[in-house]
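Presented below is the structure to which this report refers.
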Amino acid sequence: MPRLKEEKSKIQNLMPHTTALEPLETDQWFVDSPEFSEFVATAKEIIATTNHNRIKTLDILEPYFAALLQKRDWLPEHFAQPNLEGGLGGGIGQWLLYRSQELTIFSLVIPPNSITPIHDHLSWGLVGLYQGKQEETVYRRLDKGQLEGFGDLQENKIPAILEEKKR
Ligand SMILES: [Fe+2]
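Listed below in structure tokens is the structure:
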């Protein structure tokens, strides 16, 4: 089973940074697959029944997400491709798979040897590995963000390696 990096620890810290998105008239689907549709339905039900308790939402949702990541053939090849023109640089592709008022799912494709800039997700959610291997370093910010373009960072834990389960 793929290891999941949970964003639970960030939730409380990020609450002041909530972003209001424009309301959607309808859900936006970019992947047409029964496995994916079933996961979205399950996720929406869990979100609705856990009543904004995000830690509880993630706890219940995690095994369903892990199960989805174990399945093959639900993610169209297009959404597993790098994007040389993407705004993240390094050929990193970010592809929207589904979006509704309460849930957004996207794939992030990081080509071999590419490195993402240091970033904060500024959201709650789950991150999982569908294919390949990823090394990750988590930092804790020591300053209050008062200087634009500067962050006083400290490694928060030993770098983690997410690795696809051998099949
Ligand atoms: Fe990230």
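Per my numbering, numbering of the sequence shown is gapless, rising by one per residue and ending at 399. All C-beta atoms, glycine included, are put in the ideal place defined by N, C-alpha and C.
Would you check whether ligand 1 has a heavy atom nearer than 8 Å to the C-beta of H310?
no
Spatial neighbours of L293 in its chain, beta-carbon cut-off 7 Å, leaving aside the 5 residues before and after
So the list reads A275, I278, L358, once near-sequence residues are dropped.
Given 8 Å as the limit, tell me if H353 has its C-beta closer than that to any heavy atom belonging to ligand 1.
At least one heavy atom of ligand 1 lies closer than 8 Å to the C-beta of H353.
Would you decide whether K398 is buried or exposed? Buried here means 16 or more other CB atoms lie within 10 Å of its CB.
Bear in mind that a pLDDT of 43 at K398, under 50, signals an unreliable position, so the number given afterwards is only what the model happens to contain. K398 should be labelled exposed.
Taking all protein chains shown into account, decide if F382 is buried (16 or more other Cβ within 10 angstroms of its Cβ) or exposed.
Exposed, by the Cβ-count rule.
Any idea if S339 is buried or exposed, counting beta-carbon neighbours within 10 angstroms, 16 or more meaning buried?
Here S339 is buried. Its C-beta has 16 or more other C-beta atoms within 10 Å.
Who are the near neighbours of T289 in its chain, counting only those whose CB is closer than 7 Å to its CB and skipping five residues on each side?
I278, I279, T282
The alpha helix (DSSP H) enclosing Q378, as first and last residue numbers:
Q378 -> no alpha helix (DSSP H), and no H or E assigned at all.
For G322 and I347, what's the separation of their Cα atoms in angstroms?
7 Å
Residues near H351 by beta carbon distance below 6 Å, same chain, minus five either side:
none
Say the cut is 8 Å; is the CB of T348 nearer than that to a heavy atom of ligand 1?
Relative to ligand 1, T348 has its C-beta within less than 8 Å of a heavy atom.
Pull up the DSSP beta-bridge partners for W327, would you.
S339
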